[in-house]
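Comments concern the structure below.
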Amino acid sequence: MVTIDLMKIKAIDFGSYSIKIVEGTLEKKSLVYESYEEIILSEYQTHTGAHIEVPVENPPGSTATAAVATPAQASVQPQTPTPAIASAPKLVQVVPEGALKILQRHFINQNFDGRVISNIPSHMLTSRFLSLPVNSRKKAEMMLPFQLERELPFAINEVHFAAQHFINKGQSASMVGITDANLFEAYFKFLANNKILADILTSELSIVQSFVQKRHIDGPIMILDVGHETTKAYMIQNRMVVANHLSYVGGKSIDENIAKHYQISMAEAVAYKHKHAFFLTDKQFEEVGQDQQEFAKIMKQIFLPLIEDVKKWELGHRVNFGQNIAKIYLCGGSSNLKNICNFLSQALSIKTQLLESFDPSNFTRLTFSASRVSSFTIPHLTAQSLSGKTAPINFRIHQYAATSNDFPSLYSSAYIGARLLALAAVMMFFLLLQHIIMDQSQRTLDKDIAKILQRPSISISINEQKRLQKKPELLLARVEKRKKELLSDLKYLEVVSKEDALLPFLTIHNDLKGGQGWELHHVSIVNGQVSILIKILDELEGKRDIITQVNSMNYPAKKVTESAQDKTITVEYEIPRQ
104 MVTIDLMKIK
114 AIDFGSYSIK
124 IVEGTLEKKS
134 LVYESYEEII
144 LSEYQTHTGA
154 HIEVPVENPP
164 GSTATAAVAT
174 PAQASVQPQT
184 PTPAIASAPK
194 LVQVVPEGAL
204 KILQRHFINQ
214 NFDGRVISNI
224 PSHMLTSRFL
234 SLPVNSRKKA
244 EMMLPFQLER
254 ELPFAINEVH
264 FAAQHFINKG
274 QSASMVGITD
284 ANLFEAYFKF
294 LANNKILADI
304 LTSELSIVQS
314 FVQKRHIDGP
324 IMILDVGHET
334 TKAYMIQNRM
344 VVANHLSYVG
354 GKSIDENIAK
364 HYQISMAEAV
374 AYKHKHAFFL
384 TDKQFEEVGQ
394 DQQEFAKIMK
404 QIFLPLIEDV
414 KKWELGHRVN
424 FGQNIAKIYL
434 CGGSSNLKNI
444 CNFLSQALSI
454 KTQLLESFDP
464 SNFTRLTFSA
474 SRVSSFTIPH
484 LTAQSLSGKT
494 APINFRIHQY
504 AATSNDFPSL
514 YSSAYIGARL
524 LALAAVMMFF
534 LLLQHIIMDQ
544 SQRTLDKDIA
554 KILQRPSISI
564 SINEQKRLQK
574 KPELLLARVE
584 KRKKELLSDL
594 KYLEVVSKED
604 ALLPFLTIHN
614 DLKGGQGWEL
624 HHVSIVNGQV
634 SILIKILDEL
644 EGKRDIITQV
654 NSMNYPAKKV
664 TESAQDKTIT
674 VEYEIPRQ
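Throughout, our numbering is defined as the position within the sequence shown, counted from one, plus 103.
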């Protein structure tokens, strides 16, 4: 069983000028490079090498365009000229023998145990952008073949396709990569037979989309990949690649024109381009000599078709989305040409600068020269696409799916397991802390309830207290009953509180003069009726004195009652109204 380390990534970019390889480790969703290598194909013999027998495409035009279907649109456009289905087979050289041996070393000799991802050459692919009325990726996958069959000019069983789905507002925006089934099978067998088959075979379009999603690029912008034979353009709007275009202008065009104009070999032309080629703006023409002006005119003439193409693409975007392209970002090997950004900014009237896809954290273990940054943008984005939320398109599906890389390596298991264990330990700590706090709170609450139940005012026996602690619903009934009683008492107190209880006492206190033979023993007031109990201390003097005073009082409804048995005099009357 072959296992893979999910943290290790090797990205391979099959270009027409060179094959670029980067290898690194994903740390906190950022790729830290371990090594990089560029295999320049022209440095190896081209008359021998590995080939595959594939159908030949019809001669492509100068450009090809694609427009995405937004959720409000259902248009479908191709990415590149659709591969011919029925054509005469021809031997097409893919990788020179010397370059192939170097490439095989990355798969065989190094025993690389991580994930390998590579792009399929763009000339093998076309694309469709579909808007599907479904809100799940599973439903979109089921619906996709039927939708494609209506849009393609040939049978669905004659193509091999894979897709990315982006769900938004109940709809699926689907980016579909399509290739001729026979062509892909031949390419797949070529990679497998030469032991250079990657775990993931994707497209540059999907890689750029993953980059846009990861960096949250809203746009509207254009990314121009200025390569060796072609220049690819990607139009970005609302974090989606909404259109992609192709122009057959690139570094090779510069090599051929320099070689022809100066009558030098292609090798010399390539060397001169890398070291001395430049562009000039209109203002800079006046500041240089005649030889430099002549060379700048050649460079401008070479790029005029590309400039015209970009203007058409920008116009199309403005018509479809109602917005101008705000900025153009360059990448690719030919974007390193001197002054190209200023030249294009003036020619297109759109701010142009190099695409900054790298981060300083990518190079903590490796020195990466500034001149290499733009050249390695696509392999860098290819590797970084595996750390995004949305996985890139993988053409290794169905009968081409990997069968031996189903399980992560022991290193990956330990790496992931250690982090899961740490996370579980943190969660267990907080759960235990929560349990301790809640248990302490429960104990405190139980003590408070027990103290309340012991209060005499509640009138609950000890046996009832134990029973009520076990069955708190019974306590609730008792509390409700007690609540009603207290409310009744409160109402009574509210009524009583409105009476001036001190007034009768003050009145009787002022009217009765102090004496030695009696004392004021009790005063009660009920509904405005006052009852005064006077205790006789001296039968002779006290009784005579108090009776004299009581008889002289002028109270409403006064009534005097004498009791010889307990030696008291009771005076009853109504509260005098003020």
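Cβ coordinates follow ideal geometry from the N, Cα and C atoms, glycine included. A quick note: this is a predicted structure, and the numbers were derived from the prediction, not measured.
Do G201 and A486 come within 8 Å of each other at the CB atom, strictly closer than that value?
-> It is not a contact, given that the beta carbons lie outside the stated cut-off.
N260, DSSP secondary structure in three states | Secondary structure of N260 (DSSP, three-state): helix.
Give me whichever residues DSSP pairs with Q668 in a beta bridge.
-> Beta-bridge partners assigned by DSSP to Q668: none are found.
Span of the alpha helix (DSSP H), counted from its first residue to its last, around G419 = Secondary structure note for G419: its alpha helix (DSSP H) is the uninterrupted segment Q393 to F424.
Sheet register partners of D551 (DSSP bridge) | Beta-bridge pairing by DSSP links D551 to no other residue.
State the start and end residues of the unbroken alpha helix (DSSP H) segment that holds N296.
-> If you look at N296, you'll find it in the alpha helix (DSSP H) that goes A284 to N296.
The segment 342–350 touching the segment 371–383, judged by at least three CB pairs closer than 8 Å | No, the segment 342–350 is not in contact with the segment 371–383.
What runs of the alpha helix (DSSP H), each 4 residues or longer, lie entirely inside the segment 424–493?
-> Counting only runs of at least 4 residues, the segment 424–493 fully encloses the following alpha helix (DSSP H) elements, listed from N- to C-terminal order: 443–451, 473–476 and 480–487.
In chain order, what residues of the same chain have a beta carbon less than 6 Å from the beta carbon of E140, not counting five sequence neighbours either side?
-> Taken in chain order, the residues that qualify are I124.
CB contact flag (I481, M325, <8 Å) | Taking 8 Å as the Cβ cut-off, I481 and M325 do not qualify as a contacting pair.
Sub-8 Å separation of S448 and K454 beta-carbons = In this structure, K454 lies closer than 8 Å to S448 by Cβ.
Determine the DSSP secondary structure at N222, reduced to helix, strand or coil.
-> Taken through DSSP and simplified to helix, strand or coil, N222 comes out as strand.
Classify A504 as helix, strand or coil using the three-state DSSP reduction.
-> A504: coil per DSSP, three-state reduction.
Can you tell me whether DSSP reads K587 as helix, strand or coil?
-> In the structure shown, K587 falls within a helical segment according to DSSP collapsed to helix, strand and coil.
Could you tell me which of V237, L636 and N566 sits nearest to K670, measuring between CA atoms?
-> The candidate whose alpha carbon is nearest that of K670 is L636.
Those residues which DSSP pairs with I115 across a bridge = Residue pairing by DSSP puts I115 in a beta bridge opposite I124 and S221.
Can at least three beta-carbon pairs, one atom from the segment 486–495 and one from the segment 302–317, be found at a separation below 8 Å?
-> In this structure the segment 486–495 touches the segment 302–317; the number of beta carbon pairs closer than 8 Å is three or more.
Ignore the nearest five residues each way along the sequence and tell me which others in T166's own chain have a CB closer than 7 Å to its CB.
-> Unreliable positioning characterises T166 in this predicted model, as indicated by a pLDDT of 35, which lies under 50. A coordinate reading is not provided.
Three or more beta-carbon pairs under 8 Å between the segment 260–268 and the segment 281–289, yes or no?
-> The segment 281–289 and the segment 260–268 touch, with three or more beta-carbon pairs separated by less than 8 Å.
Between which two residues does the alpha helix (DSSP H) containing V237 stretch?
-> From DSSP, V237 is part of no alpha helix (DSSP H); its letter is neither H nor E.
What is the DSSP secondary structure of S313, reduced to helix, strand or coil?
-> In the structure shown, S313 sits in a helix (DSSP, three-state: H, G or I).
Closest by CA to D462, which one among K111, I115 and S133?
-> Ranking K111, I115 and S133 by Cα distance to D462 puts S133 first.
Assuming D302 and V219 form a contact by the criterion Cβ under 8 Å, report the distance between their Cβ atoms to the nearest whole angstrom.
-> Going by Cβ atoms, the distance from D302 to V219 rounds to 5 Å, so yes, they are a contact pair.
Sort F532, S309 and R585 by Cα distance to G491 and report the nearest one.
-> Of F532, S309 and R585, the residue nearest in Cα terms is S309.
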